[in-house]
């Protein structure tokens, strides 16, 4: 089977400019070798990548390793403020992954509902949609969608919008992180989840999505599934401990996980989309001709030390 | 978060007829409690369920447990015949899971390419599409799709078709099982894979899909991811042993895993689809109004001993 993976592989050379993207396309065409995503990333410039803001990046430490989560403060400001306050109060440190439902979500929270919620954190209004002012920031893709009139990206996250109502919202692709809630629409951020299965798009606009896992999702996706209803762990299954959930800015620089994310507004990213839409590799006998939003790769790479 | 899971939960009572499905809807409406999938399954009759043919069911035994795979002999007859011949020759017994790529596939094969392929098994023609004669068996759903003109079910498996060419094919939803291949379109079945992530629909019509995992997918989805390219295990990561891959019919009846699958042509199944499309539970503040093919649940239940 063909490789669908390339994330986290730093291109050997990243000095080319947009003209080189086109150059790569031309060269590949000349030698009849189809352009790969790796070729496109190798043609990217440093300006095509952005460094997630440490002030809006979470490090979730499990026994198996660190997950890096990029928050979306412009999309869900109230929930992101709560989550950051919770992290700074060490609220999640020593709590647990309480639910792992196959092909759905991992959820972490206070399994005993005993830990007091720190001052300044309370139920906040639903942030299912972003503010209307986000609408012009939305970057559409031309592909169809089952659930939304238009799909694309907002602040680097997979998103959708409705041109009639000017609503814009993040969507539940693999690795997206949200805030659980009970029946009322409000939530406080003390119950968080990440998608580890086929995109459950039916819950779009029903929960506040607050970011996505940039690195380490496999520490969630390989966890034992809970045998209780909805995948909750039940005795004698031990909940998986959350060693800590910290804000990257609060971690000494030498202990951070430096990452870069390809800009969704870059020409390289649009070239990646086209490559994924129209598969020219010889392995492909049928060209899909389309790409579904949640199948679009969002390249992330490590920054080597000293950069 | 709301429950999206119900598979494998045997309804307490399964004696009602279609009239009862409607009865359930009416009753729920009278008490203003929305119908759940569990309600619908409880209203099903024994005739709404089918028992997969043991002659076309695989038991894949991993150290952690047994996966049950239903084959699709009418869709990919050449590959299914090969796979059954391989199983009966004990070809896969003692081989290994060689690749686990996060959000993509688990693949099992001969890691050393040393084991001789049994007589009677050879490369067979591509079965990316089913025979055209399958077209009338296709059961469409009214929902949109990103990749195909029409989606629905074929022989109980998620499928798509093109009304212009009368092509019909199985699609890569979570849990679907296919046959890996190299660049030529032919394959022999000695390299198999299962989808453990967001549906990689871009490879539809590019490989022979041969069935789906009915039970035990978590034994695949929780496996450690391989650190090699494309998720292949590389030393010192030990490949996960395949203890055996057998045909259910070859296993003594007392050692089988008796399962029933809800018929996709049943009225109950159509009611389940409607329930999933239009979410009336109070938790849902925004009704999706659509359902994507790979988000449609395909209920499977255990048959209690003695039935």
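Protein chains in written order, with the working numbering: chain U, 1 to 307; chain X, 1001 to 1307. Beta carbons are placed, not taken as given, at the ideal position from N, Cα and C, and that holds for glycine.
Where does residue i sit, in a helix, a strand or coil, going by DSSP?
i: residue 69/U; result: strand
i: residue 194/U; result: strand
i: residue 187/U; result: strand
i: residue 1060/X; result: strand
i: residue 139/U; result: strand
i: residue 109/U; result: strand
i: residue 209/U; result: strand
i: residue 1292/X; result: coil
i: residue 55/U; result: helix
i: residue 1227/X; result: coil
i: residue 1144/X; result: coil
i: residue 201/U; result: helix
i: residue 1134/X; result: helix
Quick one: residues in its chain with C-beta nearer than 6 Å to the C-beta of residue i, no 5 flanking neighbours on either side, listed in chain order?
i: residue 1162/X; result: 1149
i: residue 76/U; result: 127, 208 and 210
i: residue 99/U; result: 107, 226, 231 and 232
i: residue 258/U; result: 303
i: residue 1244/X; result: 1061 and 1093
i: residue 1279/X; result: 1287
i: residue 297/U; result: none
i: residue 176/U; result: 195, 209 and 212
What residue range does the beta strand (DSSP E) around residue i cover?
i: residue 247/U; result: 244 to 247
i: residue 158/U; result: 157 to 162
i: residue 1235/X; result: Taken as a continuous stretch (DSSP letters only), residue 1235/X belongs to no beta strand (DSSP E), as it is neither H nor E.
i: residue 254/U; result: Premise fails: residue 254/U is in no beta strand (DSSP E) and is neither H nor E.
i: residue 1168/X; result: 1167 to 1170
i: residue 1181/X; result: No beta strand (DSSP E) holds residue 1181/X; DSSP gives it neither H nor E.
i: residue 1150/X; result: 1150 to 1154
i: residue 33/U; result: It is not in any beta strand (DSSP E) - residue 33/U carries neither H nor E in the DSSP assignment.
i: residue 98/U; result: 96 to 100
i: residue 262/U; result: 259 to 262
Spatial neighbours of residue i within its chain, please: CB distance less than 7 Å, with the 5 preceding and 5 following residues excluded, ordered by chain position.
i: residue 1144/X; result: 1290
i: residue 184/U; result: none
i: residue 138/U; result: 152, 154, 159, 161 and 168
Hey, quick one: how far does the alpha helix (DSSP H) through residue i stretch, first residue to last?
i: residue 220/U; result: 217 to 221
i: residue 87/U; result: 77 to 88
i: residue 270/U; result: 267 to 277
i: residue 41/U; result: 37 to 42
So with Cβ pairs under 8 Å, would you call residue i a contact of chain U?
i: residue 1283/X; result: yes
i: residue 988/X; result: Summary: the structure shown does not reach residue 988/X, with chain X confined to residues 1001 through 1307, and so no result is reported for it.
i: residue 1222/X; result: yes
i: residue 1202/X; result: yes
i: residue 1295/X; result: yes
i: residue 1163/X; result: no
i: residue 1185/X; result: yes
i: residue 1233/X; result: no
i: residue 1143/X; result: yes
i: residue 1174/X; result: yes
i: residue 1155/X; result: no
i: residue 1261/X; result: no
i: residue 1128/X; result: yes
i: residue 1069/X; result: no
i: residue 1198/X; result: yes
i: residue 1218/X; result: yes
i: residue 1301/X; result: no
Return yes when the C-beta of residue i is under 7 Å from any heavy atom of the ligand ADP, and no when it is not.
i: residue 1206/X; result: Absence of the ligand ADP is noted for the structure shown, with no ligands found whatsoever.
From the beta carbon of residue i, is the nearest beta carbon of chain X less than 8 Å away?
i: residue 166/U; result: no
i: residue 208/U; result: no
i: residue 98/U; result: no
i: residue 4/U; result: With a pLDDT of 43 at residue 4/U, under the threshold of 50, the modelled position of that residue is not reliable, and the figure given next carries that caveat. Closer than 8 Å: yes.
i: residue 292/U; result: yes
i: residue 92/U; result: no
i: residue 280/U; result: no
i: residue 286/U; result: yes
Skipping 5 residues on each side, what residues in its chain have a beta carbon closer than 8 Å to that of residue i?
i: residue 206/U; result: 128
i: residue 1173/X; result: 1158, 1195, 1199, 1212, 1293 and 1294
i: residue 1147/X; result: 1160, 1171, 1201, 1202 and 1204
i: residue 1125/X; result: 1078, 1185 and 1186
Determine contact between the stretch 1121 to 1139 of chain X and the stretch 1214 to 1223 of chain X, defined as no fewer than three beta-carbon pairs at a distance below 8 Å. no
Contact between the stretch 47 to 57 of chain U and the stretch 244 to 254 of chain U (3+ Cβ pairs under 8 Å): yes
Decide yes or no for the touch test of the stretch 178 to 196 of chain U against the stretch 73 to 88 of chain U: beta carbon pairs closer than 8 Å, at least 3 of them. yes
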